[in-house]
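Student: Taking numbering that gives the first Met the number 0, the leading residue of the sequence shown gets 0, the next gets one more, and so forth.
Before I ask anything, here is the structure I am working with.
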Amino acid sequence: MKTISDTIKNYNHGSIHNYYLYGDDNFLESFFINQVSKKFIKDGGDKLFYHLSVDSEASFLNDLKSRSLFESRKIIICWGINKLSKTAKEEFLGYIDSPSNEVSVIVISPDFRIKNKFISTISSKMSSVDIRTPFPSKMKSWVRYYAKSNHISLTKELIDFYVDYYGDNLSNVINEIDKHRLYMMSQRLDISDEYSSYIENERGYHYWQFLDSLGQKKMSQTFQIYRSMVANGVSHNYILMGLANLFLNIYSKNIYLNMENDFPILNKMLSRNLDLYSSKYKTSESLDILKDLHDIDKMIKTFKYGIDYKFELLILKACNNV
């Protein structure tokens, strides 16, 4: 699987341009489509969008195979390719085996858990491109690129802040920067300006940050986020569900199973850090935590007092290897 930068850098105007985008970061998805559009159709072609869970597969296949009298190029972008009927899937595979150099097909697959023979076949026949949410260091590079492209001046401290607190995906970070720019009516943004002070006071934590902190055994940060979530009305049931899924996945890694499809954790950042989390917890530790979560579940269902105490005790035990 190639990165966006490698794919764009090595773009060959004489090649077939059919792409399978793997991931769900909306900013990277839009960026890639725009870059291919500039190179493939420029200003003289069509860009067609199909959501195959609702749009006609007959129209999709017709647009795929029809040719323009004026030899104008077109890009067809589609979501939900797995929703095609069996016959339509065979037609699509036939087209991919003998594609037109006047048509670029971009298949977007946000759900990385969908794996079957059809998906495996088309992803192997098309150029696979990774548009999953990048790790924080790479995300900061993308933010700097976006800022430079849009003539925005960002301090290092502000970039770190936005990635730390909104970095469950790149789209969220970019949206926050745009809101900041609109509020300040300025291209020069700083961690100490009025808007930054406002969001610093108003911000809450994302739930994935709680799971990530506990997965890495960062005790002080985990307590801070847990108490913030409780103060902001996050339910005990919601906290319990995420913890159970996280530690079921850690336990399955410990015993060399893969249960991620059965117990999906919250986002791609957590999925990609799963090996790190499992290296921090012994099999016996993750099993003990699952037992403690079972006890907390019974307390929640019987409306017993002391649930916060039990959660905080679990955090303490998990981070201190007790």
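Positions of the beta carbon are idealized from the N, C-alpha and C atoms, including for glycine.
#1: How far does the alpha helix (DSSP H) with residue 233 in it extend, from its first residue to its last?
#2: Who are the Cβ neighbours of residue 50 in its own chain at under 7 Å, not counting the five residues just before and after it?
#3: How far does the alpha helix (DSSP H) with residue 162 in it reach, from first residue to last?
#4: Does the beta carbon of residue 205 come closer than 8 Å to any beta carbon on chain D?
#5: Thinking residue 285 and residue 250 are a contact (beta carbons under 8 Å), I'd like their distance in whole angstroms, please.
#6: Counting along the chain, where does the alpha helix (DSSP H) carrying residue 50 start and finish?
#7: With 16 as the cutoff for other CB atoms within 10 Å, does residue 238 come out buried or exposed?
#8: Please name the residue in 273, 38, 192 whose C-alpha comes closest to that of residue 207.
#9: Can you have a look at residue 53 and say buried or exposed, based on whether 16 or more other CB atoms are within 10 angstroms of its CB?
#10: Pick from 160, 159, 138: whose alpha carbon is nearest that of residue 168?
#11: Kindly identify the DSSP beta-bridge partner or partners of residue 78.
#12: First and last residue of the alpha helix (DSSP H) that includes residue 94?
#13: Where does residue 371 sit, in a helix, a strand or coil, going by DSSP?
#14: CB-CB under 6 Å to residue 326, same chain, minus the five flanking residues each way: which ones, in chain order?
#15: Skipping 5 residues on each side, what residues in its chain have a beta carbon closer than 8 Å to that of residue 316?
#16: Identify whether residue 187 lies in helix, strand or coil by the three-state DSSP scheme.
#17: Report buried or exposed for residue 93, applying the criterion of at least 16 other Cβ atoms within 10 angstroms of its Cβ.
#18: Here's the rule: buried if 16 or more other CB atoms are within 10 angstroms of the residue's CB, otherwise exposed. What is residue 66?
#19: Starting from residue 126, trace the beta strand (DSSP E) in both directions and tell me its first and last residue.
#20: Which same chain residues, not among the five before or five after residue 156, have their C-beta less than 7 Å away from its C-beta?
#21: Residue 253 and residue 277 look like a contact to me (Cβ under 8 Å); what is the Cβ gap, rounded to whole Å?
#22: So what does residue 1 bridge to, in DSSP terms?
#23: So the beta strand (DSSP E) residue 21 belongs to, where does it begin and stop?
#24: Assuming contact is defined by CB atoms lying nearer than 8 Å, are residue 381 and residue 95 in contact in what I supplied?
#25: Would you call residue 131 buried or exposed, if buried means 16 or more other Cβ atoms sit within 10 Å of its Cβ?
#26: Does residue 65 come out as helix, strand or coil in the three-state DSSP assignment?
#27: How is the alpha helix (DSSP H) around residue 30 delimited, first residue to last?
#28: Only counting the same chain, and skipping five residues up and downstream in sequence, which positions put a Cβ closer than 7 Å to that of residue 31?
#29: Is the CB-CB distance between residue 218 and residue 318 below 8 Å?
#30: Along the alpha helix (DSSP H) that carries residue 285, what are the first and last residues, could you check?
#31: For the alpha helix (DSSP H) that contains residue 214, what are its first and last residues?
Tutor: Concretely, from the data shown:
#1: Taken as a continuous stretch (DSSP letters only), residue 233 belongs to no alpha helix (DSSP H), as it is neither H nor E.
#2: 78, 79
#3: 155 to 165
#4: This model lacks chain D altogether, as it is built from one protein chain only.
#5: 4 Å
#6: No alpha helix (DSSP H) holds residue 50; the beta strand (DSSP E) holding it covers 45 to 50.
#7: buried
#8: 273
#9: exposed
#10: 138
#11: 50, 107
#12: Secondary structure note for residue 94: its alpha helix (DSSP H) is the uninterrupted segment 85 to 96.
#13: Nothing in the structure corresponds to residue 371, since the chain is present only between 0 and 321.
#14: Here the chain has residues from 0 to 321 only, and residue 326 is not among them.
#15: 287, 288, 291
#16: strand
#17: exposed
#18: Label assigned to residue 66: exposed.
#19: 126 to 129
#20: 190
#21: 6 Å
#22: DSSP output for residue 1 lists 128 as bridge partner(s).
#23: 18 to 21
#24: For residue 381 there is no data in the structure shown, the boundaries of the chain being 0 and 321.
#25: buried
#26: coil
#27: 25 to 39
#28: Spatial neighbours of residue 31 in its own chain (CB-CB distance under 7 Å, excluding positions within 5 residues in sequence) are listed in chain order as 3, 20, 128, 130.
#29: yes
#30: 282 to 300
#31: 206 to 214
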